[in-house]
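All residue numbers for the sequence shown refer to full-length UniProt numbering, where the first residue is 1 and numbers rise by one. Read the structure below first, then the notes.
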Amino acid sequence: MEKGGELMENATRNKWLKYRFMETRQLLPYLPETRLMTRDSLWNLIKKYRHVIVKPIKGSRGSGVIQVSSIGNGEYAIHYENRKMTIKGKENTYQYLKRIMGDRRYVVQRKISRPTVNKRPFDMRVVVQRRRYSRLWEVTGKIAKIAGKGYIVSNISRSNGTVMPVDRALKKSSIRNLSTKTLQSKIDRVAKLTARRLESFFEGHRIYGLDMALDKNGHVWIIEANLFPILSHFRKLKNKTMYYRIMKYKND
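Below, the structure written as structure tokens:
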């Protein structure tokens, strides 16, 4: 297999590898600090940010994602699936996480405090594409994924969440300091920057599905990049315009 093909195969579901690809001067302001999961990296990031997300390197659809928060007095709040619990002490907390993780490799990432719709956090799937004979990247679809009740993950099948056009979610959200138009422009700009960076590693690839989030101040964050994004979210919208545009770009 050619080197490029090997690279694409290895990176298809590897969150850590893709994070390292994106860790450049241009994109660093939009990447939540992420480290390979070890005892030291967990406690260093918790000390720095108080809330972290622990997730499998090769997980998909929100599987295995755990939120860990320091709540003071040596206690840590764990939010896994739709279950919440409090554990006393670092070692007890780490051992509990190890039981969930098993033999899988994980990363630990700064938690982004996402805006909410109806008190439920949301992030976005942003699709960036180029036509077969074009070098120009375009954002062809954006959709808000709203977590189901009691869940932290926005994957709609795992959390029984909902989808909504991004402009509508932004209007209903808790972000108040920037206009919807300004926010969407920022999302598009960062998405295209990301696609151009990934293009240098995945030559010939023409579509990326970026999981992106805004924090409550309207700052854009890249949560992760998918090389072969599932597009069924867009079919759930009443207006199928974005879905048809995405499919047209795939075939052009």
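Where is the CB? At the ideal position from N, CA and C, for every residue including glycine. All of these numbers come straight from a predicted model, not from anything done at the bench.
Residue i, buried or exposed, once every other Cβ within 10 Å from all chains shown has been counted against 16
| i | result |
| --- | --- |
| I53 | buried |
| K238 | exposed |
| D103 | exposed |
| T182 | exposed |
| I230 | exposed |
| G209 | buried |
| F228 | exposed |
Alpha-carbon spacing of residue i relative to residue j, whole angstroms
| i | j | result |
| --- | --- | --- |
| M1 | G204 | Its pLDDT being 32, under 50, M1 is placed unreliably by the model, and nothing is read from it. |
| G5 | F201 | Since pLDDT at G5 reaches only 49, below the 50 mark, its modelled position is unreliable, and the value read off the structure follows with that caveat. Looking at the two C-alpha atoms, the distance is approximately 10 angstroms. |
| L170 | R197 | 27 angstroms |
| T241 | R235 | 9 angstroms |
| V127 | L42 | 31 angstroms |
| R99 | G64 | 11 angstroms |
| M37 | I222 | 19 angstroms |
| D215 | S179 | 14 angstroms |
| R131 | R168 | 28 angstroms |
| I71 | N44 | 15 angstroms |
| S185 | K111 | 23 angstroms |
| Y133 | N177 | 40 angstroms |
Beta-carbon spacing of residue i, residue j below 8 angstroms
| i | j | result |
| --- | --- | --- |
| V166 | K142 | yes |
| Q129 | I246 | yes |
| Y30 | V220 | yes |
| D123 | D188 | no |
| H233 | R125 | yes |
| R39 | S69 | no |
| E199 | K15 | no |
| V139 | K192 | yes |
Residues bridged to residue i (per DSSP)
| i | result |
| --- | --- |
| I222 | M212 |
| N88 | Strictly speaking, residue 88 in this sequence is Lys, with Asn absent from that position. In the DSSP output, where bridge partners are listed per residue, K88 has E75. |
| D123 | K145 |
Distance cut-off 7 angstroms: residue i Cβ against heavy atoms of the ligand PLP
| i | result |
| --- | --- |
| K119 | Ligands displayed in this structure: none; no statement on the ligand PLP is therefore possible. |
Touch check for the stretch 108 to 127 and the stretch 71 to 82: three-plus C-beta pairs under 8 angstroms? Too few Cβ pairs lie closer than 8 angstroms, so no.
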